[in-house]
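Input: a single structure, listed below in structure tokens.
Protein chains in written order, with our numbering: chain A, 821 to 931; chain B, 59 to 172.
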């Protein structure tokens, strides 16, 4: 059974600081997704990582994938309040078309 | 424009009273999913369709059923809702984005059970 673990689960940080969220998964997969969820809202796709060494950046967020270590990171640079949300990583099982989600990291950026 | 549309956005029901949630998609994709997300938890896959081929997750309770009358529409039926079924129900399909198939979610239907 595929397991996806994120840490930390809760992250409170100050504006302007940097931090990294980690996502580990237990089964071979070369497709990893990051989603953002605001309170009471649905999930918004942020990044799709499709191969070992893939790196994607959008604004203050950068995601990377190491398939050998079964690890993805979501790095936050110079955080701003608008980044406050819950971030989920999700992994596609090898047979495809079904995602397993991590527990989510609830990020709060304080002024 | 919304590609996955869910109705109703909010549903209140009584314990044991059947509920139907609907989902439509404009992407004309052959795959549709239903996820359940309880408060402060990760989304959990209930079932998915590949065309009309229904795929139930092993731990999805029998209380949850689904119908897909055509490519565009999918329904989630909860036959006898219990208090533990209060959750956000998310419908999803697949969209081509940034060179990959990406699961794209509707806005969700939040179910309250009294």
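Built from N, CA and C at the ideal position, the CB exists for glycine as well. Only a predicted model underlies this, so the values are computations on that prediction, with no experimental measurement involved.
As computed with DSSP, residue 110 (chain B) is found in no beta bridge at all. 851, 853, 855, 857, 860, 861, 862, 863, 864: these are the residues of the segment 836-864 of chain A whose beta carbon lies less than 9 Å from some beta carbon of chain B, given in chain order.
Within its own chain, the residues whose Cβ lies closer than 7 Å to the Cβ of residue 85 (chain B), once the five positions on either side in sequence are excluded, are 61, 151, 153, listed in chain order.
Residues of the segment 95-117 of chain B with a C-beta atom less than 9 Å from some C-beta of chain A are 95, 98, 99, 100, 101, 102, 103, 106, 108, 113, 115, listed in chain order. Secondary structure of residue 161 (chain B) (DSSP, three-state): strand. Using beta-carbon distances, residue 145 (chain B) does not count as an interface residue toward chain A, since no partner is under 9 Å. Under the Cβ distance rule, residue 160 (chain B) counts among the residues neighbouring chain A, one pair being separated by less than 9 Å.
For residue 895 (chain A), the three-state secondary structure derived from DSSP is strand.
Taking 9 Å as the CB threshold, residue 148 (chain B) lines the interface with chain A. Residue 879 (chain A) and residue 125 (chain B) have their alpha carbons spaced roughly 40 Å apart.
For the 9 Å CB-CB criterion, residue 88 (chain B) and residue 104 (chain B) do not form a contact. DSSP, read as helix, strand or coil, puts residue 822 (chain A) in coil. Note: residue 102 (chain B) is bridge-paired with B:94 in the DSSP secondary-structure output. Interface residue (Cβ-Cβ distance to chain B less than 9 Å): residue 919 (chain A) is classified as such. Rounded to the nearest angstrom, the gap between the Cα atoms of residue 131 (chain B) and residue 847 (chain A) is 33 Å. Here residue 141 (chain B) is exposed. Its C-beta has fewer than 16 other C-beta atoms within 10 Å.
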